[in-house]
Structures are given as C-alpha cells and as structure tokens.
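Some notes on the structure that comes next.
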Amino acid sequence: MGGYILKRLVSAVPVLLGITVIVFLIMAMIPGDPATAILGSYATPENVERINRDLGLDKPLVARYFIWLGNMLTGDFGRSFSLNRPVLDEVLDRFGATLVLAGTSFILCSILGIVAGVISAARQYGLADKAITFVVLIGISIPSFFLGMMMILAFAVERRWFPVSGMYAIYGGGDLPDLLWHLAMPALALAVVATGVVARLSRSAMLEVLRQDYIRTARAKGVPERRVIWWHALKAAMVSIIPVLGIQAGFVLSGAVYVEIVFQWPGVGRMLVNAILQRDILLVQGGVVFVAACYVLFNIAVDVAQSLLDPRIKT
C-alpha cells in the first residue's frame with residue numbers, strides 16, 4: 001500500500017505543474033494593464049513603473065512564471081496588494097470556512113445519495129423508486145445558486161427561520177449552534193445537485209451487484225434481505241460508488257464559489273471573486289493553486305480507499 005500511495009503522489013506532480021501553468025497563463029492573458037487597474041486614479045507613469053517592478057511584471061513571461069513557481073515551492077505565495085498581507089495566510093484563513101461548507105455538503109450528499117440509491121435499487125420500479133427518481137431529477141436540474149436564492153426568499157425573508165447570510169451572527173453568537181443555524185441553507189443548496197448524481201449512480205451500481213450470483217446464493221441461504229442489501233451488496237457496490245464521490249467532492253468544492261457569493265459566506269470562493277475584480281493577481285493564482293492541490297490530494301485519498309475495498313486496483 002505504501003508503494004501505491006507513493007506512486008499516486010508522484011503522478012500528481014505533473015498535474016499540479018499543469019495547473020500552475022494554466023492558472024498563470026490565464027491571469028497573464030487578461031486584457032488590460034494590471035498595474036493601471038491596481039493604482040486606479042493614482043496610475044501615474046512613475047507609479048505604474050514601480051508597481052510593475054514590485055510585481056515582476058517588467059520581466060519576460062517565462063521568467064515571471066519560474067520566479068513565481070520557485071517562490072511557491074519555498075512556501076512563499078506572494079503578498080496580496082489589496083489586503084496587504086501574505087497570500088498563503090489569507091487563503092488559509094478563508095479555507096477553514098470553505099472547508100466547513102464544502103465538507104458538510106459533501107457529507108450530506110454522500111449519505112443522502114447513497115441511501116436514496118440503495119432504497120431505489122432495492123425497490124426497483126416500485127413507488128419508492130419512482131418517487132426518488134422524480135425528486136433526484138428535479139434536484140439535478142436546479143443550479144445551486146438559484147436554489148440558494150429561492151431558499152433565502154422562502155426560509156429567511158418570508159419565514160425568518162434561518163439567517164439571510166454570513167457564517168455567524170453579527171451581534172453575539174459565534175458558537176456551534178449559531179454556526180449550524182447559518183450553515184443549514186448554504187450546505188443544503190450546495191449538496192442538492194451532488195446528491196442527485198450520487199443517488200443515480202449508486203442505484204446503477206447496486207442494481208448491477210444485486211444481479212450477481214453470490215447475492216442470489218445469500219438469499220437462498222436465508223440471509224435476511226436487509227443484511228443482503230445493506231451489507232453484502234452495498235459493500236461490493238462501494239467500489240464503484242467511491243470514485244463518484246471523489247468527482248462530486250470536486251464539484252462541491254468548485255460550486256462553493258457560487259453559494260458563498262449568494263450567502264455571503266467568508267470562504268475562498270468569495271475571496272477569489274473579490275480578488276479577480278480587484279486584479280489581485282498573486283491572490284488569485286495562490287488561491288486557485290491551493291484549492292486545486294487540495295482536490296488532487298483528496299482524489300488520491302479516494303483512490304487509496306477504493307484500493308482498500310478492491311486490492312486488484314493497485315495492480
């Protein structure tokens with residue numbers, strides 16, 4: 001297992017390098033002069049020249065990339081000009097809020113999706129299967145940001161059951177119940193689409209497993225149906241379900257950007273949007289690379305978990 005993990009870590013290096021190249025080139029190709037955008041009304045020729053020199057924008061493109069990459073490898077992601085603080089410190093501070101939102105949504109979509117898929121497969125073509133399929137199709141069709149706005153109107157503005165925005169109450173609060181109260185709507189809005197995808201693919205995986213000979217043998221031996229489905233069949237189906245969970249983790253992490261904007265959640269997604277609007281190049285590049293690295297590492301963890309269930313994957 002140690003060799004397999006090392007192999008997966010080594011294979012992630014080219015992926016991360018490719019991400020840095022893409023992020024750097026996209027930011028370099030944005031129209032306009034970054035120094036002029038940064039300075040605004042203070043964009044005199046002398047100030048523009050100074051900003052270009054401070055940010056390294058006066059150097060060739062290739063040289064700028066390798067300087068930036070070399071600094072990142074030493075843990076220096078640069079300094080945000082708009083916030084006047086190190087990029088890595090800002091990203092780490094914001095990532096905690098994003099991790100709470102995305103992690104909660106991922107747990108919700110995993111549990112609800114797998115349970116719905118198993119029940120749907122166990123009751124194939126029955127009333128439960130049709131009801132779950134109908135709800136799942138509606139959930140998949142609704143964008144997270146639109147669902148979030150509708151939830152705000154229905155449950156925050158009209159009913160006043162939940163707060164409109166933020167992670168904690170402005171006055172007082174700050175404890176776990178306050179966090180959960182603010183987290184309920186954004187986490188659910190972010191989890192709906194992923195829950196539908198997990199449910200549909202879990203159903204397909206379960207139906208394939210339930211047709212296997214060893215499942216019929218277990219039933220013929222008198223094993224209780226609940227144990228056949230929730231232990232024998234689900235354990236085998238998880239080999240196919242786990243990769244789907246890995247993909248949905250990336251969807252949840254990227255979709256957090258829209259939900260954070262709608263609910264004014266103080267996470268990385270909201271930080272990146274503000275940084276793009278302010279042309280804070282180093283903050284954008286550092287934030288995107290950090291989030292991408294987290295996603296790559298999570299996928300490695302998913303592959304390891306899958307190999308534990310099916311050792312043939314390591315070969």
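Numbering follows UniProt numbering, with no gaps: position 77 of the sequence shown is 77.
For every residue, glycine included, the Cβ atom is placed at its ideal position computed from N, Cα and C.
None of the values given here were measured: they were computed from a predicted structure.
{"Item": "Contact set for W161: own chain, Cβ-Cβ below 8 angstroms, skip 5 residues either direction", "Value": "F155"}
{"Item": "Cβ neighbour criterion (16 or more within 10 Å) applied to G126", "Value": "exposed"}
{"Item": "Local conformation of R85 per DSSP, three classes", "Value": "strand"}
{"Item": "Presumed contact (8 angstroms Cβ cut-off) between F95 and S165, rounded CB distance", "Value": "19 angstroms between Cβ atoms; not a contact."}
{"Item": "Cutoff 7 angstroms; reference T20; Cβ partners in own chain excluding five residues on either side", "Value": "L69 and V289"}
{"Item": "Selected residue, minimal CA-CA separation from residue 320, among L272, D213, P243 and V284", "Value": "The chain is shown only over 1 to 315; residue 320 falls outside these bounds and no answer can be derived."}
{"Item": "Option in L210, F77 and G250 with minimal Cα separation from M238", "Value": "L210"}
{"Item": "Rounded separation between V118 and L25 - CA only", "Value": "44 angstroms"}
{"Item": "Check whether Y168 and L179 have beta carbons under 8 angstroms apart", "Value": "yes"}
{"Item": "Reduced DSSP secondary structure (H/G/I, E/B, other) of S165", "Value": "coil"}
{"Item": "Within 8 angstroms, strictly: CB atoms of A116 and A236", "Value": "no"}
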